[in-house]
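Here the sequence shown is numbered in our numbering, starting from -15 and rising by one per residue. Backbone N, C-alpha and C fix where the C-beta goes; we use that ideal spot for every residue, glycine too.
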Amino acid sequence: MRVTILGAGVIGVTSAYQLAKLGHEVVVVDRQPGPALETSFANAGEVSFGYCSPWAAPGIPAKAVKWMLMRHAPLILRPKLDAAMIAWLVRMLSNCTASRYALNKGRMLRLADYSRKALAEVRAETSLSYDERMLGTLQLFRTQAQLDSSAKDVKALAADGVPFEVLDRDGCVRVEPALRQVRDRIVGGLLTPKDETGDCFKFTNALEQKAAALGVDFQYGQCIRGLDIEAGEVRGVITDRGAVHSNAVVVALGSYSPLLLKSAGIKLPVYPVKGYSLTVPITDASRAPESTVMDETYKIAITRLGDRIRVGGMAEISGYTNDLVDARRRTLEYSVMDLFPGGDPKSAVFWSGLRPMTPDGTPIIGGTRIRNLFLNTGHGTLGWTMSCGSARVIADLVSGREPDIETSDLGLDRYE
Ligand SMILES: Cc1cc2nc3c(=O)[nH]c(=O)nc-3n(C[C@H](O)[C@H](O)[C@H](O)COP(=O)(O)OP(=O)(O)OC[C@H]3O[C@@H](n4cnc5c(N)ncnc54)[C@H](O)[C@@H]3O)c2cc1C
């Protein structure tokens, strides 16, 4: 079958690889000159199968107010008269109950666990290198209150069978030796040792080469304008350079997916939530992290990627804008230099990306009411983590095969 994938971010490229492996003729269309040049470009680098939760959680509405008022605020809301923003916020708030949280987290963990296995398989098949490390995520607590409130996460991890260790100050220093210099600033941590780290941009580019070797046709520099739909069936896609015909289409346009689908009468509850990262060259490795450290106070992830530190985070709800706000850079600089002053912030690269967020945190993977039109999008905070499993699921669904995991609650119809 000829399948067109819309978007060459980490989701589109992993999907292309899996579909090509199943023997399909695959075309990938993207407006950029190469793969992973939008949200998959400089994310925080966590491949966090264990540290994996929806943002919509009990207590979040009250915490959100506190976060917005902090000096180094992890959450920024720029309200607009935007019906999509308002509808998304209302839906997100309705997911902040204990029962919705448990349901959503269960789905995310299922997909994350499957992605862990799928990524390991891709690594074994391709021997890709992408500054990968397998040293876990350390959630770092600066206050006793943070450590105490992690008890509920510990309970959830135990219930879900995710390996973890609760660490005191010395335990944190054992895992991340550079913290020795700032040990008085921390009280403890929660380690999820099975988590991994890696550069999503490098991974996506390396996998694109492997997919091209399997015959995938990557067509860059083409802006997708609309879908070619006839008699309730998709026939292909219209770009600024003409039509691309195919038997099936997979939408993997990240935050831009709802804009395309709107023209086909499909309402997709995905909204862009902007985040920022700073990539700092390491000048003193003894003061750099070994893996990912999640600073619980500022909700910022600090990750070692080869000879660089990548620090990323913040949630800015401000619509479709990638503008780089200086105050956010200062927050990232402050956060990384406070714990790991082993880099040179003056030579750092500042970046922003739009997380394609669903209100319940779970991506949207599956078919639509238009025959042969599929969705693999809405991966929000954890697209890199969930990419390989999502790609396996969509490749199976497009091929009419039974996926290895339950997928009936991952599709768009859960919102209908
Ligand atoms: C600051 C930050 C930190 C993050 N940290 C992590 C992390 O540590 N771990 C993790 O797992 N995830 C993380 N994420 C989330 C992760 O980066 C995303 O979920 C993931 O990159 C989404 O991938 P995607 O392929 O869906 O979207 P994208 O990478 O945005 O790909 C979509 C593609 O569609 C193309 N496109 C869009 N519209 C059109 C059009 N009209 N015509 C043609 N092409 C089009 C774009 O050019 C783009 O290449 C982070 C995100 C941010 C912003």
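In terms of Cα proximity to Lys64, the closest of Asn356, Thr369, Gly367 and Tyr304 is Tyr304. Boundaries of the beta strand (DSSP E) harbouring Ile286: Ile284 to Leu289, taken from the DSSP string.
The stretch 258 to 274 makes no contact with the stretch 94 to 111, as fewer than three CB pairs between them are under 8 Å. As DSSP reads the structure, Arg339 sits in a beta bridge with Val257. Contact holds between the stretch 185 to 200 and the stretch 11 to 21, because three or more Cβ pairs, one in each stretch, are under 8 Å apart.
In this structure, the C-beta of Gln193 stays at least 7 Å away from each heavy atom of ligand 1.
Rounded to whole angstroms, the gap between the alpha carbons of Tyr98 and Gly43 is 29 Å. The shortest C-alpha to C-alpha distance from Gly120 to any of Leu175, Trp72 and Lys89 is the one to Leu175. For Leu359, the number of other beta carbons within 10 angstroms of its own is at least 16, and it is reported as buried.
Secondary-structure assignment with DSSP links Gly296 through a beta bridge to Ser261 and Ala285. Taking C-alpha positions only, Leu243 is separated from Leu308 by approximately 23 Å. Your pair Val(-6) and Ala20 checks out as a contact, with CB atoms roughly 6 Å apart and the cut at 8 Å. Inter-residue distance for Val254 and Arg75 is about 11 Å (C-alpha atoms, whole angstroms). Listed in chain order, the non-local C-beta contacts of Asp291 below 6 Å within the same chain comprise Ile266, local neighbours out to five positions each way being set aside. Using a Cβ-Cβ distance cut-off of 8 Å, the stretch 287 to 301 and the stretch 133 to 142 are not in contact, since fewer than three pairs of beta carbons, one from each stretch, lie closer than that value.
In the DSSP annotation of this structure, the continuous segment of the alpha helix (DSSP H) that includes Val320 starts and ends at Asp310 to Leu323. When rounded, the separation of the alpha-carbon atoms in Lys5 and Ile389 is 19 Å.
Judged by pairs of C-beta atoms under 8 Å, the stretch 223 to 235 does not touch the stretch 27 to 39, as fewer than three such pairs exist. Straight through space, the alpha carbons of Phe125 and Tyr240 are spaced by roughly 35 Å. Under DSSP, His229 forms a beta bridge with Gly220. For Met278, the secondary structure class from DSSP, reduced to helix, strand or coil, is strand. For Val106, the enclosing alpha helix (DSSP H) starts and ends at Ala82 to Thr110. By the beta-carbon neighbour count (other beta carbons within 10 angstroms, threshold 16), Gly210 is exposed.
Membership of Asp137 in any beta strand (DSSP E) is not indicated; the residue belongs instead to the alpha helix (DSSP H) covering Ala135 to Asp144. Inclusion of Thr361 and Ala236 in the CB contact set at 8 Å is warranted, their separation being smaller than that value. A Cβ-Cβ contact shorter than 8 Å links Ser270 with Gly326. For ligand 1, no non-hydrogen atom lies closer than 7 Å to the CB of His56. In this chain, the alpha helix (DSSP H) harbouring Arg158 covers Arg153 to Val159. Contact between the stretch 278 to 290 and the stretch 334 to 344 is absent, with fewer than three C-beta pairs closer than 8 Å.
In this structure, the CA atom of Trp368 is about 14 Å from the CA atom of Asp115. Annotation for Asp212: the continuous beta strand (DSSP E) segment containing it runs Ile208 to Glu214. Distance check between Thr315 and each of Ala375, Gly(-9), Lys50 and Ala57 places Ala57 closest, using alpha-carbon atoms only. The beta carbon of Tyr1 is closer than 6 Å to those of Leu191 and Ala195 in its chain, skipping five residues each way along the sequence. Annotation for Arg(-14): the continuous beta strand (DSSP E) segment containing it runs Arg(-14) to Leu(-10). With fewer than 16 other beta carbons inside 10 angstroms of its own, Ser78 counts as exposed.
Gln206 and Gln16 have their alpha carbons spaced roughly 7 Å apart.
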